[in-house]
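Protein chains: 2
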Amino acid sequence: MRLYPVILAGGRGERFWPLSRRARPKQLLPLLSERSMLADTLARLDPLAPASSAWILTARDLAPAVRASVPGVPELQVVGEPTGKNTAPAIALASWWLHGSGADAVAVVLPSDHRIEPADAFRKDLEEAAQTALERNAIVVIGIPANRPETGYGYIEAGEPVGSRARRVAAFREKPDRETAARYVASGHLWNAGMFVFTPEVMLKEIRAHAPEIASALEGMPAPGEPGSEQALERYYAAVPSISIDYAVMERTRNALVLPARFGWDDLGSWAALGGDAQDAAGNTVRGRALLEDVSGSVVFADEGLVAAVGVRDLVIVRTGDVTLVCPRERAQDVRALVERLRREADGSALL
Amino acid sequence: MRLYPVILAGGRGERFWPLSRRARPKQLLPLLSERSMLADTLARLDPLAPASSAWILTARDLAPAVRASVPGVPELQVVGEPTGKNTAPAIALASWWLHGSGADAVAVVLPSDHRIEPADAFRKDLEEAAQTALERNAIVVIGIPANRPETGYGYIEAGEPVGSRARRVAAFREKPDRETAARYVASGHLWNAGMFVFTPEVMLKEIRAHAPEIASALEGMPAPGEPGSEQALERYYAAVPSISIDYAVMERTRNALVLPARFGWDDLGSWAALGGDAQDAAGNTVRGRALLEDVSGSVVFADEGLVAAVGVRDLVIVRTGDVTLVCPRERAQDVRALVERLRREADGSALL
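As you go down the protein sequences, you meet chains A and B in turn. Each residue of the first sequence is one higher than the one before, starting from 28 at the first, in my numbering. Each residue of the second sequence is one higher than the one before, starting from 28 at the first, in my numbering.
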């Protein structure tokens with residue numbers, strides 16, 4: 028069995044502004060370690076899958092920064108999409124290129140910017156998912172046990188058991204309202220965290236069955252670096268619809284299994300989420316240079332320079348080369364309101 | 028009557044860190060307008076006394092920055108003290124140099140870093156003090172009506188009236204404890220804000236009578252720019268004791284009058300004091316570029332870059348080129364604790 032990571036790294040999140048910028052989105056930020064979240068994502072797979080086997084799909088303008096961030100990934104395997112067309116076209120394309128890699132080749136689709144730990148539990152789950160995908164010719168989605176009525180995630184209803192831990196997918200559920208979410212949590216639904224494990228052959232078959240426009244656009248597509256590959260990529264992204272793999276395939280196939288995760292997961296939706304792994308006795312999460320006096324429960328991030336604070340509680344304080352952000356942790360989502368205001372200001376876009 | 032401002036600008040305050048640094052103390056900061064507090068201090072005197080008539084005493088290493096900050100003051104009238112020796116030697120020296128400027132010459136000693144407004148009321152009080160000083164051959168100290176039991180200031184007990192508003196100084200009181208301060212406030216004591224008005228001749232006479240070591244060190248002192256003046260300045264500052272004018276002269280002379288101020292005064296003891304003149308409807312005082320969403324009662328100072336904040340109350344947020352400071356307004360005094368910690372850190376002094 029050989030694993031081929033397919034990392035989706037096209038995001039443009041604003042929730043980590045001012046550290047995240049258009050040219051440096053969340054997956055390129057060193058939020059959890061000294062390296063980018065994308066590099067963390069690849070490192071977490073080692074030794075299950077080497078970086079040299081990984082494919083990364085990102086926005087075309089981000090490709091140089093992505094390559095610089097993960098030098099272990101061969102340059103041609105970092106693919107810059109001319110247009111963002113959601114996840115299905117990207118996953119189909121990677122499956123197309125991985126097709127023919129051998130009977131024991133398994134693709135592992137992963138987001139590039141989530142917190143996952145411990146890494147060994149994660150790798151064990153991936154390995155189990157890959158074996159299941161091979162043995163059952165199925166698409167295995169990793170399901171995160173839902174522990175709160177989150178309205179921002181999709182949910183998976185698990186059906187009958189298949190093998191030791193995997194279960195059939197009874198249904199994919201779109202983002203629910205709070206009441207429905209609470210019911211999902213009570214009945215043991217799992218979160219869909221965008222992690223899919225499958226053989227390229229199975230995925231291509233499903234694409235052909237459920238997303239024929241994508242399948243036909245794939246025909247004849249050369250591998251990166253082959254003659255005409257750039258133009259073919261342009262044509263492909265111009266031809267395919269913008270559609271998620273959930274909607275294009277997962278909600279339609281009868282061939283989906285779900286494996287409940289046994290690792291900790293967080294999609295790091297805002298600065299507040301960084302507070303999850305408090306680093307000091309006062310519950311502060313600190314990155315960069317900080318001087319704190321009587322400060323607790325706070326997320327302090329100095330990308331540059333020093334953050335000095337006295338007598339504050341539960342704040343987010345972020346300092347970058349040109350912006351300082353201060354807000355209560357519980358208001359971290361409201362950073363997007365600031366970004367919106369900046370977008371409307373005459374000289375605001377320089378800071379986005 | 029001609030007024031000669033004598034501005035004492037040798038301070039090294041740390042209470043406006045991180046904006047204030049050893050090389051850029053409070054009087055050189057643009058805390059209340061777009062120019063330095065020292066420049067504000069001189070501008071406030073116009074048209075009562077032109078900048079060309081002013082003398083400024085500062086630390087030798089600060090003299091270039093001081094000159095740059097107040098280009099209207101002749102270069103030789105910005106005196107860099109080789110050593111700080113408190114206020115008496117500086118005031119004696121200025122009086123010595125102003126001696127012989129004419130029978131209508133009056134020196135006005137002023138701190139360089141206080142908030143005073145409105146300026147016209149201030150100038151009227153100075154004019155009245157100067158007339159009183161000339162007519163009575165007295166040293167007139169401006170007394171600030173004490174409106175709270177401040178323990179950080181010296182107090183003046185006013186005695187019998189002299190003329191229309193001036194009164195004899197019954198006693199100078201050193202910084203009191205809170206209980207004593209409350210008694211002083213109740214009995215109408217005034218704060219000593221370090222503003223003294225006198226003819227050079229009267230001050231020199233008092234210096235000779237009460238501080239003979241200073242008086243004898245003055246003998247033969249050339250004016251700035253004259254041959255040997257630099258060496259003479261060195262010798263003078265080496266010879267004189269370090270002593271305040273309050274202790275050396277004011278507490279001893281029988282020739283002191285006090286004029287109660289009719290202007291508003293604040294010594295701007297910390298970032299919190301900047302909140303005194305709130306600028307927006309939510310009670311925020313903002314300098315520099317800020318993006319505030321649901322922020323109130325806060326002091327926001329962006330010396331460089333942008334300060335963005337959401338959902339905070341009564342905070343001080345200061346951003347400089349290398350430091351961001353965040354603290355509640357009521358903890359602004361504790362900035363000094365941070366400065367102390369930085370001083371002890373290996374690479375902290377670069378930020379002081």
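In this text, a Cβ means the ideal position worked out from N, Cα and C, and glycines have one as well.
The alpha helix (DSSP H) runs lying completely inside the segment 180-244 of chain B and spanning 4 residues or more are 205-213 and 227-237, given in chain order.
Against chain A, the CB of ALA335(B) has a partner CB under 8 Å away; the residue lies at that interface. Residues of chain B with a Cβ closer than 9 Å to the Cβ of PRO45(A) are, in chain order, LEU333 and ALA335.
Contact of GLU41(B) with chain A is not assigned, every C-beta pair being separated by 8 Å or more.
Taking C-alpha positions only, ARG94(A) is separated from TYR274(A) by approximately 30 Å. With respect to VAL276(A), ILE234(A) sits close: the two C-beta atoms are nearer than 8 Å. LEU30(A) and VAL133(A) have their C-alpha atoms roughly 5 Å apart.
For ARG356(B), no CB of chain A lies under 8 Å from its own CB, so it is not counted at the interface with that chain. Judged by DSSP secondary structure, VAL366(B) falls within the alpha helix (DSSP H) whose first and last residues are 362-371.
In the same chain as GLU144(A), and ignoring 5 residues on each side of it, the C-beta atoms closer than 6 Å to its own belong to GLY291, in chain order. Bounds of the alpha helix (DSSP H) holding LEU65(B) are 64-70.
Among the CB atoms of chain B, none fall inside 8 Å of the CB of ALA95(A).
Looking at the backbone, the Cα of GLU201(A) and that of TYR180(A) are separated by about 8 Å. Contact between the segment 253-262 of chain A and the segment 280-299 of chain A is not established, with fewer than three Cβ pairs separated by less than 8 Å. If you draw a straight line from the Cα of ASP147(B) to the Cα of GLY332(A), it comes to about 42 Å. Looking at ALA81(B), ALA76(B), ARG281(B) and VAL212(B), the one whose alpha-carbon comes closest to that of PHE149(B) is ALA76(B). Membership of LEU153(B) in the alpha helix (DSSP H) is indicated by the continuous run 146-163. Beta-bridge partners of TYR31(B) (DSSP): ALA134(B).
The segment 306-324 of chain B makes no contact with the segment 188-204 of chain B; the number of CB pairs closer than 8 Å stays below 3. With a cut-off of 8 Å on Cβ pairs, the segment 226-233 of chain A is in contact with the segment 116-128 of chain A, counting three or more such pairs. Annotation: the continuous alpha helix (DSSP H) that includes VAL93(A) extends over 90-96. C-alpha of SER47(B) to C-alpha of PRO239(B): approximately 36 Å in a straight line. Taking 8 Å as the CB threshold, GLY129(B) stays off the interface with chain A.
Using beta-carbon distances, ARG346(A) counts as an interface residue toward chain B, with a partner under 8 Å. At the C-beta level, ALA115(B) and VAL196(B) stay beyond 8 Å of one another. For the C-beta of THR312(A), not a single chain B residue is nearer than 7 Å; the gap to the nearest is close to 15 Å.
For ASP361(A), at least one C-beta of chain B is nearer than 8 Å to its own C-beta. Take the alpha-carbon of SER214(B) and the one of VAL168(B): they are about 19 Å apart.
According to the DSSP secondary-structure assignment, PHE328(B) is paired through a beta bridge with ARG314(B) and VAL345(B). Nearest in C-alpha terms to ASP294(A), of all of PHE199(A), ASP361(A) and TRP218(A), is TRP218(A). Judged by DSSP in its simplified three-state form, SER122(B) adopts helix. Contact between the segment 339-355 of chain B and the segment 348-357 of chain A is present: 3 or more CB-CB pairs across the two stretches fall below 8 Å. Per DSSP, the continuous beta strand (DSSP E) segment holding TRP82(B) begins and ends at 82-86.
In the DSSP assignment, TRP292(A) falls within the beta strand (DSSP E) that extends over 291-293. Identification of chain B residues near ARG368(A) by a Cβ-Cβ cut-off of 8 Å yields LEU318 and GLU320, ordered along the chain.
Within the same chain, Cβ atoms closer than 7 Å to the Cβ of ASP321(A) are found at VAL337 and GLY338, the five residues on either side in sequence being excluded.
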